[in-house]
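Residue numbers for the sequence shown follow my numbering, beginning at -11 and rising by one. We treat Cβ as the ideally placed atom computed from N, Cα and C, and that holds for glycine. Have a look at the structure below, then the notes.
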Amino acid sequence: MKKFKVTVNGKTYEVEVEEMGSVPAAPAAAPIPAAASEPVKAAAPEPAAEAVSAAPKGPIPDNAVVVKAPMPGKISAVKQERGAVEHGAVIVVLEAMKMQNDITAPQDGTLTEVRVAVGDSVKTGDVLAVIMP
């Protein structure tokens, strides 16, 4: 047994510690508050934003119509992935400031690519979808 003096919040405690090989033992004297004695679980690291999104990203054709995020937020729904779209058709739903905002097609055409997935965070001006006229 080894004896140590430990100061916690300005109060000094004398504790005895039993040495057990390479594994340190817990102090035997001062009672530990319940909240402090519970093990702290480390939060799992969040994957990078690009790793979460499975949406393809590549060059955008010159004649394509690009649908961009009008504000920062989080994608809460993808309403259409590919195919013909009409002006005003909802492509994705963007949640910003606890409001659901429909992001619509600015013109008729063929939706060739949606570059976001549900749960993605976007910034103002991020490309959400690509439409070919």
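With C-beta atoms as the reference, is residue i less than 8 Å away from residue j?
{"i": "Glu143", "j": "Lys(-7)", "result": "Since the first and last residues shown for the chain are -11 and 121, residue 143 lies out of range."}
{"i": "Val106", "j": "Ala117", "result": "no"}
{"i": "Val110", "j": "Gly46", "result": "no"}
Residue i bridges to which residues according to DSSP?
{"i": "Lys(-1)", "result": "Val(-4)"}
{"i": "Ala84", "result": "Met87"}
{"i": "Val54", "result": "Val118"}
{"i": "Ala72", "result": "Thr98"}
{"i": "Val110", "result": "Gly61"}
Let's see if you can read the secondary structure: which residues bound the beta strand (DSSP E) around residue i?
{"i": "Gln88", "result": "Met87 to Thr92"}
{"i": "Thr98", "result": "Gly97 to Val102"}
{"i": "Met59", "result": "From DSSP, Met59 is part of no beta strand (DSSP E); its letter is neither H nor E."}
{"i": "Ile119", "result": "Val115 to Met120"}
Figure out for me which residue from the options has the closest Cα to the Cα of residue i.
{"i": "Val80", "options": "Asp108, Gly97, Lys86 and Asp96", "result": "Asp108"}
{"i": "Glu4", "options": "Val(-4), Asp50, Lys(-9) and Thr(-5)", "result": "Lys(-9)"}
{"i": "Thr98", "options": "Leu82, Met120 and Met85", "result": "Met120"}
{"i": "Pro94", "options": "Val115, Val54 and Lys45", "result": "Val54"}
{"i": "Val104", "options": "Pro49, Arg70 and Met85", "result": "Arg70"}
{"i": "Ala72", "options": "Thr100, Gln88 and Gly61", "result": "Thr100"}
{"i": "Val78", "options": "Lys86, Met85 and Ile63", "result": "Ile63"}
{"i": "Gln88", "options": "Gly46, Pro58 and Pro47", "result": "Pro58"}
{"i": "Val66", "options": "Gly76, Leu82 and Ala52", "result": "Leu82"}
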